[in-house]
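If you want the numbering used here, it's the position in the sequence shown, counting the first as 1, plus 15.
Notes to accompany the following structure.
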Amino acid sequence: MADENTNEQDVTSKGKVDRPSRQFYIPSQIVDEFGEKGRDHLNKPFSGQFLLAMTAGSFMTFGAVFSVLLAVGVETKGFYYLLSGLGFAAGYAMVFISGAVLFTEINVLLPSYLFNKANLMKRTIYKFWCATYIGNIIGAFLVAVLIQMSGSLAPEFYNEFSMYLDHKMKFIDHGVKGWFEVLVSGILANWLIGMAAFLTTAARDFTGKVLGTVLPVVLFVAGNFQHSAANMGYFSMGILASDQYTWYEYVFLNLVPASIGNLIGGGILVSLLFSYAYKEDIQTSLGQGKQKKKKNNQ
Numbered sequence: 016m017a018d019e020n021t022n023e024q025d026v027t028s029k030g031k032v033d034r035p036s037r038q039f040y041i042p043s044q045i046v047d048e049f050g051e052k053g054r055d056h057l058n059k060p061f062s063g064q065f066l067l068a069m070t071a072g073s074f075m076t077f078g079a080v081f082s083v084l085l086a087v088g089v090e091t092k093g094f095y096y097l098l099s100g101l102g103f104a105a106g107y108a109m110v111f112i113s114g115a116v117l118f119t120e121i122n123v124l125l126p127s128y129l130f131n132k133a134n135l136m137k138r139t140i141y142k143f144w145c146a147t148y149i150g151n152i153i154g155a156f157l158v159a160v161l162i163q164m165s166g167s168l169a170p171e172f173y174n175e176f177s178m179y180l181d182h183k184m185k186f187i188d189h190g191v192k193g194w195f196e197v198l199v200s201g202i203l204a205n206w207l208i209g210m211a212a213f214l215t216t217a218a219r220d221f222t223g224k225v226l227g228t229v230l231p232v233v234l235f236v237a238g239n240f241q242h243s244a245a246n247m248g249y250f251s252m253g254i255l256a257s258d259q260y261t262w263y264e265y266v267f268l269n270l271v272p273a274s275i276g277n278l279i280g281g282g283i284l285v286s287l288l289f290s291y292a293y294k295e296d297i298q299t300s301l302g303q304g305k306q307k308k309k310k311n312n313q
């Protein structure tokens with residue numbers, strides 16, 4: 016009975032309630048983690064940065080292919096979007112958990128690092144940003160080449176894939192207005208992917224990280240929001256497997272405005288927003304040293 020009462024009261028020898036530790040990080044800790052990840056990526060040798068960027072791009076093509084494969088033959092729209100989103104989430108999960116360097120994730124991590132530093136103008140920062148983008152494109156295209164060479168995909172895949180491309184490229188029919196629509200759509204896409212990084216960083220176990228990735232990715236896929244890194248995967252396959260659109264249309268009428276929007280969505284709506292909102296709570300070794308510190312003797 017004594018043991019039972021002790022368990023029910025859950026009290027330590029110091030008289031404090033012994034609560035289990037949290038299974039996730041709080042927002043200020045997540046922003047701090049973002050900054051540290053951004054710093055760690057930046058401090059890697061250039062060759063390592065570029066290889067990890069190519070790896071992330073390759074995962075985008077795998078995710079693009081998987082999103083189409085899961086949705087082939089599905090008529091119900093709700094299930095169609097769900098399965099397609101789950102397929103692409105596999106690519107993002109591989110990126111987040113492997114530590115690969117994805118342009119749209121860097122749009123969140125690096126600003127979180129920069130907003131807590133005095134010097135934003137180091138040339139290596141912008142060199143890294145460009146190398147990540149180029150590495151993602153090369154990695155995505157190389158995997159698309161390998162998939163095409165393998166001859167593994169059935170004709171049904173290409174029929175479905177053709178409709179995916181039309182869905183992604185529908186904005187070109189709107190002229191200049193369509194270009195800006197892609198930009199705004201890109202803002203929404205990287206806002207969601209930034210939140211996927213947010214939720215994934217919050218989780219402390221593998222299951223939590225996967226779930227944190229899946230939810231925002233399913234939403235951005237279902238909404239057809241233009242995410243440049245994801246589109247690198249789709250368009251790499253499109254250049255090789257279809258003559259519906261030219262590389263010029265893919266790059267200048269979609270990737271360019273989507274990438275600009277992605278920078279705004281990730282850097283401002285996730286990184287800057289949370290860095291400012293939690294600036295008093297962030298305990299970081301990255302920054303300007305103006306955070307409030309509570310004294311233990313008060």
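Note that the Cβ used here is the ideal one computed from N, Cα and C, for glycine as well.
Below 8 Å on the Cβ atoms is my contact criterion, and I expect residue i with residue j to pass it. Report the Cβ-Cβ distance as a whole number of Å.
i           : j           : result
residue 123 : residue 285 : 5 Å
residue 201 : residue 282 : Their Cβ separation, rounded to whole angstroms, is 12 Å, which puts residue 201 and residue 282 out of contact at 8 Å.
residue 176 : residue 83  : 5 Å
residue 102 : residue 78  : 7 Å
residue 278 : residue 130 : About 14 Å; that fails the 8 Å criterion.
residue 260 : residue 198 : That pair is no contact at about 19 Å.
residue 243 : residue 119 : 6 Å
residue 68  : residue 146 : 6 Å
residue 297 : residue 73  : That belief does not hold up - the Cβ atoms of residue 297 and residue 73 are roughly 34 Å apart, past 8 Å.
residue 247 : residue 75  : 5 Å
Using the beta-carbon count (16 or more within 10 Å), is residue i buried or exposed?
i           : result
residue 182 : exposed
residue 241 : buried
residue 61  : exposed
residue 45  : buried
residue 164 : exposed
residue 206 : buried
residue 52  : buried
residue 91  : exposed
residue 178 : exposed
residue 93  : exposed
residue 263 : exposed
residue 80  : buried
residue 16  : Note that residue 16 scores 45 on pLDDT, short of 50, meaning its location in the model is unreliable and no value can be drawn from it.
residue 38  : exposed
residue 148 : buried
residue 295 : exposed
residue 142 : exposed
residue 54  : buried
residue 255 : exposed
residue 158 : buried
residue 224 : buried
residue 121 : buried
Could you tell me which residues DSSP pairs with residue i in its beta bridges?
i          : result
residue 39 : 218
Quick one: what does DSSP say residue i is sitting in, helix, strand or coil?
i           : result
residue 259 : coil
residue 158 : helix
residue 163 : helix
residue 32  : With a pLDDT of only 49 at residue 32, under 50, the local geometry of the prediction cannot be trusted, and the value read off the model is given with reservation. Of the three classes helix, strand and coil, the one that applies to residue 32 here is strand, per DSSP.
residue 204 : helix
residue 189 : helix
residue 296 : coil
residue 209 : helix
residue 231 : helix
residue 240 : coil
residue 146 : helix
residue 115 : coil
residue 59  : coil
residue 27  : Bear in mind that a pLDDT of 46 at residue 27, under 50, signals an unreliable position, so the number given afterwards is only what the model happens to contain. Of the three classes helix, strand and coil, the one that applies to residue 27 here is coil, per DSSP.
In terms of residues, what are the limits of the alpha helix (DSSP H) holding residue i?
i           : result
residue 91  : From DSSP, residue 91 is part of no alpha helix (DSSP H); its letter is neither H nor E.
residue 175 : 170-183
residue 128 : 118-129
residue 273 : 271-281
residue 288 : 288-292
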